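A.B. asks: One structure, pasted below without further comment.
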Amino acid sequence: MEDNDEDFFSDDGFDSLPPGTLFELEQSAYQATQAQRAQSQQPTAQEYSPAQSGPPDRQIRSRSALNVPSRLHTGLTSEYGTLDVGDPDAEVLEDDNIQSAALGQYAAVQEHPMDYMAVQDQNAEGQMDWERHEMLHDTMMVEEVHSAGIQVEIQELTTQIEELTRQNERILRELSEAKNDADTKAGEISIIRSNQARVIQNLERQMAALRKSMADESAKHKEEVEAARAEGKMLATENAFLKQDLAEEALRLNNLKTKIKSEAKEPPITPRKSRVLPFRDGFDDDEITVVSPSKSTERRSKKNTPTVPGKRKRKLSQDSLTPTSTIPLQLSAEAPPLADTADDELLHELAEEHYEQPSTYSDNRNARFMTQILNHRSPPTMNRDIEEMARLAYPSEPQRMLSSIILEETASLNPKNYPVGYAACVASLWSRALKEKFFRPVPMFMSIVQFILALDMRFIPQLIGHLVPVLQEAGDINGVPRFRNSPVSRKNLGQIRQTPQSELQPEVDSTEMLTLLYDMACGCLHVESALRDFWQFMRYDFVLMMLNSSQPIRDIILTINLLSTSISPTSFGSLRDSKEEQAANEKYIVDRLANLLSEMPQVDEGDPPYTSIEICSLRLEALSLLAQIAFNSMAPDSTHGSSVIASHPTVLARLFRAMHDELDALYSYPPERDLHSALVNQLMHLIYSVIQRHKEGLDLQSKLVRVAGGKQKFLVVLTRLAFSDGPVLEEGITDETVEMAHEILDDAVNPQEAEALLEVFPSAKRED
1 MEDNDEDFFS DDGFDSLPPG TLFELEQSAY QATQAQRAQS QQPTAQEYSP AQSGPPDRQI
61 RSRSALNVPS RLHTGLTSEY GTLDVGDPDA EVLEDDNIQS AALGQYAAVQ EHPMDYMAVQ
121 DQNAEGQMDW ERHEMLHDTM MVEEVHSAGI QVEIQELTTQ IEELTRQNER ILRELSEAKN
181 DADTKAGEIS IIRSNQARVI QNLERQMAAL RKSMADESAK HKEEVEAARA EGKMLATENA
241 FLKQDLAEEA LRLNNLKTKI KSEAKEPPIT PRKSRVLPFR DGFDDDEITV VSPSKSTERR
301 SKKNTPTVPG KRKRKLSQDS LTPTSTIPLQ LSAEAPPLAD TADDELLHEL AEEHYEQPST
361 YSDNRNARFM TQILNHRSPP TMNRDIEEMA RLAYPSEPQR MLSSIILEET ASLNPKNYPV
421 GYAACVASLW SRALKEKFFR PVPMFMSIVQ FILALDMRFI PQLIGHLVPV LQEAGDINGV
481 PRFRNSPVSR KNLGQIRQTP QSELQPEVDS TEMLTLLYDM ACGCLHVESA LRDFWQFMRY
541 DFVLMMLNSS QPIRDIILTI NLLSTSISPT SFGSLRDSKE EQAANEKYIV DRLANLLSEM
601 PQVDEGDPPY TSIEICSLRL EALSLLAQIA FNSMAPDSTH GSSVIASHPT VLARLFRAMH
661 DELDALYSYP PERDLHSALV NQLMHLIYSV IQRHKEGLDL QSKLVRVAGG KQKFLVVLTR
721 LAFSDGPVLE EGITDETVEM AHEILDDAVN PQEAEALLEV FPSAKRED
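In the numbering used here, the protein residues as written are 1 to 768.
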């Protein structure tokens, strides 16, 4: 700042001022500076107070001689020239020296006044120069003071700047946090809006589905009404036909009776004994009418009224010429078998008619089957199947209706086996529809096949090769997507996921397919060859897929019931080509059944979850099938099934784990506690029976360690059952179950573990 002041400083204004004015200004400025300096240097001012009491010029000289600040003796230069500020090494005089110098100087002035005036002028000029220098010095001091204040202000400003900087950083940080919060809120709002939009879309979709279902129901109701009217008309027509058939049958029966009567011979009579007649002319005397009334032969020719025991006999007439007593009574000879011959001929005719009747009955039966099949109506339209097929065509062949295809294929069928041929044609159409993913006619095909099998169960062996493969293909339509969403599939391993409704086909009902398969298997139970053919056509992967917990419970139970028909003394399940493949298949079946005892069945997306009663019912069915496999009631001596269970590495351990879980569930006292106790009892019976049958080669401990927590749960559940004394929670546990648990536990633990168990359960000591 000093450099800037020197750059802009000029003395032109001072030169134009009068000397007095400039002097006054200098004095005023000097006094102002001296007043400030007096405040800061009050002791110095008091020290030189005598010098200040003299005349002005003397005061000036005294100031110039005595009170020049030491900071001016620095040899400073400026644009006004070099300032002579004296010797910087001069000593400061004491008070007495100052007074003597002053007196000497005053005497010199008195002696030489002119010299003094000249000197005075020179001093005045020097004084002015000194005053200018003093003003400059004071100005510099003011600037220094001002610069010191500025430094303080700068420090204060720096402090304020730092504080403002911190505030700014805090504000920026808060702004960043606010921006982040705003972004978060914006994201949440976006998510909420997207969820709301999704909910609105779902609601709209549901409303559209409801409207569509209402429209479908309305149309279905109208169709049902029309179908009912058409069925009424059809029944009236069939009633008329039946009446006509009844009249024709009655007429035929009457004609048959008339024919039998016309062909029947006269009833046989008992031949009379040949006797000697009086006339002996070759004619019977009874056939000759005697004209003369006087002849007694006339009266003898009359046939006597047969006598009745106890009836009064009429007396003989006196006019009789030939008394009755003259004719001896003789026994009749054996009559020829005329009556037997007539009866045999009648029976022979009836037998011939009877033997011809089966052929006629069979023809009539086949004709009736054909009529019923062609007049069959399938829901929901209740139109005749042929009429409904006339409206459907395959996507690959839209110009050709299904009705034309089936009529062409059935035109060459044998009328005596028409139902089987018709069912085979329907099966081929069904298979083609599944391959082309044309599911609309599938319910109609199912209804036709069910109707044909209901007409006569003897058709089943002939239809195994046609129906069993296509029924399994139909079951794959919804079974495969459900299996892919199960936790055991490779695509979704270990994850529980519900099957979306978009992946399912409601037209293809897997439950109906399994029901039909089960009906066919039951129809083949008494025909060993047919049953073997049935299980040869059954795919093993289809059976294992339908035993998965992601399938509906009703389908799993139907598959279990279907498997129960395959149990034989040497095998169960689908029949494979080699023994190794058959053994592996049976191992997989037992493994899946054991998993069903602990897995939770999964429902499809949008369906309500299963109840505990449904889950317990499923597990009871699976356990029942395992018991049937292990102990075949048709072959009690067979150990094939029990050996499969005993040799499996984890089945017995899983059975113990399932028993532990069921006992835990029983302790919570649920409404379905009867089912849980039944599961515990049956599991114990199965495990105990398998262990006792294969006790020698069974290593139970090695199997328990293969399942997580298997050995611990084994000990816990057996201990609970063996030492159970709760009359309420364990009410359904039978005494046999307790005894079996005791026996298995005694064989499984060592003496030390047994003593530890006795210490844990002191009630067992009292019982012993």
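Note that beta-carbon positions come from the ideal geometry of N, C-alpha and C, so glycine has one too.
Bear in mind the structure is a predicted one, so any value in this text is a computation, not a measurement.
1) Residues in its own chain within less than 6 Å of residue 808 by CB, not counting five upstream and five downstream?
2) Give the DSSP-derived three-state secondary structure of residue 379 in the structure shown.
3) In this structure, how does DSSP classify residue 398 when only helix, strand and coil are distinguished?
4) Taking a contact to mean a Cβ-Cβ separation below 8 Å, would you say residue 524 touches residue 569 in this structure?
5) In this structure, how does DSSP classify residue 411 when only helix, strand and coil are distinguished?
6) At which residues does the alpha helix (DSSP H) containing residue 461 begin and terminate?
7) Among 670, 700, 677, 595, whose alpha-carbon lies nearest the alpha-carbon of residue 647?
8) Beta carbon of residue 654, beta carbon of residue 598: below 8 Å?
9) Need the endpoints of the alpha helix (DSSP H) that residue 622 sits in, please.
10) Would you decide whether residue 483 is buried or exposed? Buried here means 16 or more other CB atoms lie within 10 Å of its CB.
11) Inspect the beta-carbon positions of residue 375 and residue 365 and report whether they are closer than 8 Å.
12) Check whether the region 514–529 and the region 558–565 touch, using three or more Cβ-Cβ pairs below 8 Å as the test.
13) Cα separation between residue 231 and residue 424?
14) Helix, strand or coil for residue 393 per DSSP?
15) Can you list, in chain order, the residues of its chain whose CB lies under 6 Å from that of residue 671, leaving out five sequence neighbours each side?
16) Return the bridge partner residues of residue 384 from the DSSP annotation.
17) Once the 5 residues before and after residue 753 are set aside, which same chain residues still bring their CB inside 7 Å of it?
18) Measure the C-alpha to C-alpha separation of residue 32 and residue 177 and round it to an integer number of angstroms.
19) Sorted by chain position, which residues of the same chain lie with C-beta nearer than 7 Å to residue 657's C-beta, five sequence neighbours on each side aside?
20) Run the CB neighbour count on residue 669, radius 10 Å, all protein chains shown included, and call it buried at 16 or more, exposed below.
21) Compare the Cα-Cα distances from residue 498 to each of 256, 696, 549 and report the closest residue.
22) Below 7 Å CB to CB, which residues in the same chain sit around residue 692 once its five sequence neighbours on both sides are set aside?
23) Looking only at its own chain, which residues have a Cβ that is under 7 Å from the Cβ of residue 513, when we skip the five neighbours before and after it?
24) Report the residue from 750, 664, 735 whose alpha carbon sits nearest the alpha carbon of residue 716.
25) Can you look up residue 406 in the DSSP assignment and give me helix, strand or coil?
26) Note down the Cα distance separating residue 759 from residue 607, rounded to an integer number of angstroms.
27) Can you check which of these residues, 256, 377, 369, is closest to residue 456 by C-alpha distance?
28) Measuring only the C-alpha atoms, how far is residue 689 from residue 644?
29) Which residues in the same chain have their Cβ closer than 8 Å to the Cβ of residue 743, if we skip the five residues on either side of it in sequence?
30) Mind checking whether residue 442 and residue 507 have CB atoms under 8 Å apart?
31) In chain order, what residues of the same chain have a beta carbon less than 7 Å from the beta carbon of residue 632, not counting five sequence neighbours either side?
32) Can you list, in chain order, the residues of its chain whose CB lies under 6 Å from that of residue 427, leaving out five sequence neighbours each side?
33) State yes or no: is the C-beta of residue 584 nearer than 7 Å to some heavy atom of the ligand NAD?
34) Going along the chain, which unbroken runs of the alpha helix (DSSP H) with 4 or more residues stay wholly within the region 549–605?
35) Evaluate residue 205 with the Cβ neighbour count: other Cβ atoms within 10 Å of its Cβ, from every protein chain shown; 16 or more gives buried, anything less gives exposed.
36) Taking the alpha-carbon of residue 382 as reference, which of 596, 433, 546, 444 has the nearest alpha-carbon?
C.D. replies: In this structure, then:
1) Any answer about residue 808 is impossible in this case: the structure gives the chain only from 1 up to 768.
2) Correct three-state label for residue 379: coil.
3) Residue state, collapsed to three classes: strand.
4) Not in contact: residue 524 and residue 569 (Cβ atoms no closer than 8 Å).
5) Coil at residue 411, not helix or strand.
6) From DSSP, the alpha helix (DSSP H) with residue 461 extends over 460–484.
7) Of the listed residues, the one whose Cα sits closest to residue 647 is 700.
8) Yes, they are a contact pair.
9) Counting along the chain, the alpha helix (DSSP H) containing residue 622 begins and ends at 612–630.
10) It counts as buried.
11) Between residue 375 and residue 365, the CB-CB gap reaches or exceeds 8 Å.
12) A contact between stretches requires three or more CB pairs, one per stretch, nearer than 8 Å, and the region 514–529 meets this requirement with the region 558–565.
13) Approximately 27 Å, taken between the alpha carbons.
14) Strand, per DSSP.
15) When the five nearest sequence neighbours on each side are left out, no beta carbon in the same chain lies closer than 6 Å to the beta carbon of residue 671.
16) In the DSSP assignment, the residues bridged to residue 384 are 377.
17) Cβ within range, chain order: n/a, list empty.
18) Those two C-alpha atoms are separated by around 59 Å.
19) So the list reads 598, 707, 710, 713, once near-sequence residues are dropped.
20) Exposed, because fewer than 16 other Cβ atoms sit within 10 Å of the Cβ of residue 669.
21) Considering only alpha carbons, the answer is 549.
22) Correct list: empty, nothing qualifies.
23) Answer for residue 513: 471, 474, 475, listed in chain order.
24) Taking each of 750, 664, 735 in turn and checking the Cα distance to residue 716, the smallest one comes out for 664.
25) Assignment of residue 406 by DSSP, reduced to helix, strand and coil, places it in the helix class.
26) If I take the Cα positions, the gap works out to 50 Å.
27) Of 256, 377, 369, the residue nearest in Cα terms is 369.
28) Taking the straight line from one Cα to the other gives about 14 Å.
29) Same-chain partners within the cutoff: 688.
30) The beta carbons of residue 442 and residue 507 sit closer together than 8 Å.
31) Counting only residues of its own chain and dropping the five nearest sequence neighbours on each side, residue 632 has a CB closer than 7 Å to the CB of 567, 569, 638, 641.
32) Hits under 6 Å: 466, 467, 470.
33) Absence of the ligand NAD from the depicted structure is noted, as is the absence of any ligand whatsoever, leaving it without description.
34) DSSP runs (the alpha helix (DSSP H)) wholly in the region 549–605: 553–564, 579–596.
35) Label assigned to residue 205: exposed.
36) Comparing Cα-Cα distances from residue 382 to each of 596, 433, 546, 444, the minimum goes to 444.
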